[in-house]
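Single-structure report; data block below.
Protein chains: 2
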Amino acid sequence: MKKPKKTARKFVFDEEGLRLLAKRLKELRAEKGFTQETLAYEADITLSQIARIETVKANPTVSTMFKIARTLSVPVSTLFDFKLSNKLK
Amino acid sequence: MKKPKKTARKFVFDEEGLRLLAKRLKELRAEKGFTQETLAYEADITLSQIARIETVKANPTVSTMFKIARTLSVPVSTLFDFKLSNKLK
DNA sequence: GCAATTTATGGCATATATGCTATAACAAAA
DNA sequence: TTTTGTTATAGCATATATGCCATAAATTGC
Numbered sequence: 001m002k003k004p005k006k007t008a009r010k011f012v013f014d015e016e017g018l019r020l021l022a023k024r025l026k027e028l029r030a031e032k033g034f035t036q037e038t039l040a041y042e043a044d045i046t047l048s049q050i051a052r053i054e055t056v057k058a059n060p061t062v063s064t065m066f067k068i069a070r071t072l073s074v075p076v077s078t079l080f081d082f083k084l085s086n087k088l089k
Numbered sequence: 101m102k103k104p105k106k107t108a109r110k111f112v113f114d115e116e117g118l119r120l121l122a123k124r125l126k127e128l129r130a131e132k133g134f135t136q137e138t139l140a141y142e143a144d145i146t147l148s149q150i151a152r153i154e155t156v157k158a159n160p161t162v163s164t165m166f167k168i169a170r171t172l173s174v175p176v177s178t179l180f181d182f183k184l185s186n187k188l189k
C-alpha cells in the first residue's frame, strides 16, 4: 500500500512566541504561588498540559490561556506581556 | 459492533473569551485597514481560519495569534486587551 | 542517602485547529 | 440586475491539542 499522501500543508509552531509565553507563565505562576499541579487543578486543565506549555512542547489554544489567566487572577493580556520580534516569514 | 467509547473527556470552548477576542480582532483589523483576506495572506494563515475566529467558530492556538499580531504590528497583548468575567466553572 | 514534592516525559485516544477548495451570502455601487 | 469586494460556510484531510495514566527526573528538605 502506497501512502495516500495528498499535499503538504504547513503547520507552524511559533517557537519564539511559545518560548516567551512559557517564560511568562512560569514567572506569573511562581509569583502567585501555584505549583503546576495546583494551577492545573484549579484551572481544570491537566498537569500534562501545563508542563507541555512551560517546556514549549505544545502550542496551546486561547481557551486554555483564558482558563489559566482566570485562575491566576490576571488579565489575559498579562500572560502575553512580552515582545515578539518582527520576524520574517 | 459496540462503540468503543472509553471515557468522556471535556474539551471546553470558552465562548466568552472567544467572543471578546473576535470582537477585538475585528476592531484592530479594521483600524489597520486589513480585509480578512489581506490579513490572512500577509499572516500566512487561511482566510477560512480568520473568518472562523471572527465568527467564534474556532478556538485558535497562540501561534496563530502571534502571526496575526505581527501582521497587524501590535503587541500580542493588544489582541487580548479585554476583560474576562471571573466565571465559575 | 531518603522521602516528599514538583516538574518533565511518554504513549495512546479523541476532539479540534488548520489547511485547502469551493461556494454561498452579503453589501455597496454602478 | 450585474459586478465587485468582502465575509461566512462547508466538507474533507491531516496535524496537533488535550485528556488520561503512568513513570521518570529533578528539586527540596531532612
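Protein chains in written order, with this note's numbering: chain A, 1 to 89; chain B, 101 to 189. Ideal Cβ positions, reconstructed from N, Cα and C, are used throughout, including at glycine. Bear in mind the structure is a predicted one, so any value in this text is a computation, not a measurement.
query	result
F113(B) beta carbon less than 8 Å from that of V76(A)	no
Within-8 Å CB hit, S148(B) to chain A	no
Run of the alpha helix (DSSP H) containing L128(A), from where it starts to where it stops	Any question about residue 128(A) goes unanswered here, given that chain A covers just 1 to 89.
Residues from the segment 117 to 132 of chain B in contact with chain A, defined by Cβ distance under 8 Å	G117, L118 and L121
Cβ neighbour criterion (16 or more within 10 Å) applied to G17(A)	buried
A130(B) burial status per 10 Å Cβ neighbour count (16 or more: buried)	exposed
Residues near F82(A) in its chain [Cβ-Cβ closer than 7 Å; skip 5 each side]	L20 and R24
Residues in the segment 61 to 76 of chain A having any Cβ partner in chain B nearer than 9 Å	T61, V62, S63, T64, M65, F66, K67, A69, R70, S73, P75 and V76
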